[in-house]
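Student: Here it is: the structure, laid out below.
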Amino acid sequence: MHSRLQELKKEEETLLKIKVMLQDQLNRLKTSVSRSGQKWCCRLRSMMLPRCAVSVCHVLVLVLCLSAAEDFDWTKNNYGSFYYGTFPAGFSWGAGGSAYQTEGAWDQDGKGLSIWDVFSHRKGKIQQNETGDSSCEGYYKFKDDVSLMKELKLNHYRFSISWPRIIPTGIKSDHVNEKGIQYYDELIDTLMENKITPIVTLYHWDLPQVLQEKYGGWQNISMISHFNEFANLCFEKFGNRVKYWITFNNPWSVVVEGYETGEHAPGLRLKGAGAYRAAHHIIKAHAKVWHTYDTQWRGRQKGFIGISLSGDWGEPVDISNQKDIEAAERYVQFNLGWFATPIFHGDYPQVMKDFVGSKSVQQGLGTSRLPTFSPQEKSYIKGTCDFLGIGHFTTRYITHKNNPSGRSGSSYFADRDLAELVDPRWPDPGSEWLYSVPWGFRRLLNFVKTQYGNPMIYVTENGVSEKMLCTELCDEWRIQYFQDYINEMLKAIRDGVNVKGYTAWSLLDKFEWDEGYSERFGLYYVDFRSKNKPRYPKASVQFYKRIISSNGFPNQREVENWRRKSVETCSSSNQLLAAEEQRSTAANILRLIHDPLTSHMEMVTEIVVPTVCTLCILLSAIFLMFLLRRRN
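Converting from the sequence shown to the working numbering requires adding 228 to each position, the first position being numbered 1.
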């Protein structure tokens with residue numbers, strides 16, 4: 229009898245997992261259909277389609293979203309009560325961006341090529357073949373952007389220095405570009421003049437292309453000395469003003485998406501070994517730079533060296549199932565722990581060594597695909613972190629899954645023996661990977677406290693992308709995301725976690741890597757169609773500004789008032805943006821008039837065909853609704 233009950237329990241757990249997976253797939257399908265409708269709305273509007281057709285499109289989107297709308301309900305994600313209170317005195321509020329994503333000027337003033345310049349210029353690598361060639365034009369508009377930061381009342385701004393902008397080939401002995409140094413000098417000075425603390429990242433993915441071609445990038449140990457020379461130059465030129473340095477931003481993405489899946493630059497697919505090798509060199513490069521600063525610059529400059537690691541939380545699907553609990557632990561250790569554990573404890577997480585080593589043996593390899601540190605290296609690496617940067621966006625449910633151990637199954641993902649699931653009730657505001665799960669943030673921060681001795685933490689990335697693809701500035705979903713996640717961070721501080729600052733990601737809409745400009749994370753909307761790249765504040769600007777001014781959440785009435793006023797203020801910005809759209813549309817019409825053949829072709833491909841398809845889908849949807857009503 230007892231055995232039968234256990235079998236029934238296992239069957240029930242299996243059915244639950246299947247249900248969650250099926251609901252997830254259904255939710256993704258709904259979201260995909262919903263986004264497709266929104267995208268066509270934007271395209272039809274941008275081509276000045278008659279209002280009746282645009283209205284039809286909106287009706288279609290409404291019909292397609294009816295079933296999906298229920299899933300986008302933030303109230304379903306409450307995992308505990310909201311805490312009203314303030315942050316400790318001196319808590320630092322900021323926003324961020326990175327060089328390749330915002331600067332533009334990709335080939336100006338002596339800048340060398342980066343791997344992202346080359347990668348984004350390859351057809352099919354980026355959505356709609358977009359590039360970061362001009363992006364936000366931050367290289368020319370940085371003073372305007374600092375004015376936005378001042379208006380927002382930021383305490384700090386996090387940005388990165390483009391390695392090829394100041395050392396075009398990546399090799400210091402070849403050439404140092406003084407114009408690049410001048411640009412960052414002026415940016416840092418402007419920030420300081422406005423009482424905004426610069427937090428500077430040395431490597432945010434834009435490796436000089438010459439180093440990729442000459443050495444194979446982070447696959448080669450030679451990168452350590454070249455990166456150290458670059459960092460040392462930055463300390464020399466900017467260290468008298470910059471007190472917070474981040475060596476690497478999210479090295480997990482660098483190695484997994486750059487050297488395992490090939491989705492990011494340099495686009496290599498060295499499955500099962502490439503990511504581990506690149507990570508090994510990055511960890512040693514980080515330690516080398518930390519020691520360089522510690523021995524040569526810390527006494528004079530009194531600064532801090534840290535690293536920014538991605539850390540999404542993994543929650544067991546079944547908290548009573550030991551295998552699921554262990555799988556959730558592996559999920560975090562194979563991500564955050566991969567880099568944090570060597571830096572804080574001197575070696576890779578034991579679970580990584582066990583699993584990668586075991587699978588390597590099963591694959592007939594003489595040694596583990598996960599490299600090893602020598603005793604001297606362990607001692608050298610351990611403790612090389614004055615503060616830990618945490619980039620956190622979302623959470624996953626994790627369950628145990630046996631992956632194949634044959635050579636054909638050799639990959640970082642197969643090594644983990646787990647499956648990632650999402651709850652279909654979790655809000656999905658924009659990016660297909662980013663679900664709003666605020667309670668996971670608090671759990672992650674407490675994990676860091678427990679695992680690594682409660683280090684000083686700066687949240688270096690946290691934010692959400694657009695839900696709508698059209699030019700909508702009333703981003704209530706971002707307001708809700710910030711409110712929920714920042715509140716969970718406040719709870720973590722009450723738990724005793726040593727969080728010193730928060731960086732909203734991001735200040736501006738920008739180039740989003742392989743997604744191009746299809747996703748928008750910015751507090752400020754950037755009109756990428758306009759040559760001048762004007763910025764417009766979204767509603768979240770006012771809301772975040774009030775959090776900063778109050779240093780937290782004083783009381784329920786005040787916070788609700790912030791939300792209401794923030795949404796009200798976005799209407800005027802929407803009107804300005806609409807006026808810009810009309811001017812842009814008028815210019816498009818003039819262009820079409822001057823080129824009748826192009827006009828005819830674009831009318832057929834860009835308007836007639838989509839409109840006919842839209843009407844067919846709409847009629848099908850109406851017919852389906854009619855049949856369902858008859859059935860009822």
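Ideal Cβ positions, reconstructed from N, Cα and C, are used throughout, including at glycine.
Computed from a predicted model, the values in this text were never measured in an experiment.
Would you identify the three-state DSSP class for T627, choosing helix, strand or coil?
Tutor: strand
Student: State the start and end residues of the unbroken beta strand (DSSP E) segment that holds P765.
Tutor: R763 to P765
Student: Nearest to D361 by CA position, among R528, G313 and K761, is which residue?
Tutor: K761
Student: Would you kindly check if the distance between the Cβ of M377 and the Cβ of Y368 is under 8 Å?
Tutor: With respect to M377, Y368 sits apart: the two C-beta atoms are not nearer than 8 Å.
Student: With distance defined between alpha-carbon atoms, name the residue in P494, I354 and Y504 nearest to S596.
Tutor: When P494, I354 and Y504 are compared, the shortest CA-CA separation from S596 is found for Y504.
Student: Assign K516 to one of two classes, buried (16 or more other C-beta atoms within 10 Å of its C-beta) or exposed (fewer than that).
Tutor: buried
Student: Identify the continuous alpha helix (DSSP H) that holds V526 and give its terminal residues.
Tutor: Sequence inspection shows Arg at residue 526; the Val mentioned does not correspond to that position. Taken as a continuous stretch (DSSP letters only), the alpha helix (DSSP H) holding R526 covers R526 to Q529.
Student: Give me the Cα-Cα distance between E441 and W525, rounded to the nearest whole angstrom.
Tutor: Taking the straight line from one Cα to the other gives about 32 Å.
Student: Sort out for me which residues DSSP pairs V754 with in a bridge.
Tutor: R763
Student: In the structure shown, what three-state DSSP assignment does V484 receive?
Tutor: Residue state, collapsed to three classes: helix.
Student: Sort out for me which residues DSSP pairs L646 with in a bridge.
Tutor: H628
Student: Find the nearest neighbour of G611 within the set L461, V374, I511 and K371, judged by alpha-carbon distance.
Tutor: I511
Student: Pull up the CB-CB distance for S633 and Q590, whole angstroms please, since I reckon it's below 8 Å.
Tutor: 4 Å
Student: Could you spell out where the beta strand (DSSP E) holding W473 opens and where it closes?
Tutor: Y472 to N477
Student: Output yes if chain D places a C-beta closer than 8 Å to the C-beta of P632; else output no.
Tutor: Note that chain D does not occur in the displayed structure, where there is just one protein chain.
Student: Buried or exposed: which applies to I449, given that a residue is buried once 16 or more other Cβ atoms fall within 10 Å of its Cβ?
Tutor: exposed
Student: What do you get for Q356, buried or exposed, if any count of 16 or more other CB atoms within 10 angstroms of its CB means buried?
Tutor: exposed
Student: Measure the beta-carbon distance from E747 to S659 and round it to whole angstroms, keeping in mind my assumption that it falls under 8 Å.
Tutor: Indeed they touch by this definition, with Cβ atoms about 6 Å apart.
Student: Taking the alpha carbon of D337 as the reference point, which residue from S548, S777, G408 and I354 has its own alpha carbon closest?
Tutor: G408
Student: Locate the alpha helix (DSSP H) running through L415, then write down its first and last residues.
Tutor: E406 to E421
Student: Who does L616 pair with in a DSSP beta bridge?
Tutor: I535 and I685
Student: Could you spell out where the alpha helix (DSSP H) holding K581 opens and where it closes?
Tutor: Q578 to Q590
Student: In this structure, how does DSSP classify V289 when only helix, strand and coil are distinguished?
Tutor: For V289, the predicted structure reports a pLDDT of 36, less than 50, and the residue's modelled location is therefore unreliable. A value from the coordinates is still provided. Correct three-state label for V289: helix.
Student: Buried or exposed: where does K371 fall if 16 or more other Cβ atoms within 10 Å of its Cβ makes it buried?
Tutor: exposed
Student: Per the DSSP calculation, R722 is bridged to which residue(s)?
Tutor: BP columns for R722 are empty, so no partner.
Student: Suppose contacts are defined by Cβ-Cβ distances below 8 Å. Is C364 in contact with L736 by that definition?
Tutor: yes
Student: With burial defined as no fewer than 16 other Cβ atoms inside 10 Å of the residue's Cβ, what is the status of A317: buried or exposed?
Tutor: Exposed, because fewer than 16 other Cβ atoms sit within 10 Å of the Cβ of A317.
Student: Is S848 helix, strand or coil by DSSP?
Tutor: helix
Student: With H, G and I counted as helix, E and B as strand and the rest as coil, what does DSSP make of A568?
Tutor: helix
Student: Does the separation of the CB atoms of Q437 and D345 fall below 8 Å?
Tutor: yes
Student: Does the region 385 to 404 touch the region 324 to 337, meaning 3 or more C-beta pairs lie closer than 8 Å?
Tutor: yes
Student: Could you check the C-alpha separation between G209 and V650 for me, to the nearest Å?
Tutor: Any answer about residue 209 is impossible in this case: the structure gives the chain only from 229 up to 860.
Student: Reducing DSSP to helix, strand and coil, say where H384 ends up.
Tutor: DSSP places H384 within a strand segment (E or B) once states are collapsed to three.
Student: N779 and T425 - do their beta-carbons sit closer together than 8 Å?
Tutor: no
Student: Use the C-beta contact count for Y764: other C-beta atoms within 10 angstroms, 16 or more gives buried, fewer gives exposed.
Tutor: buried
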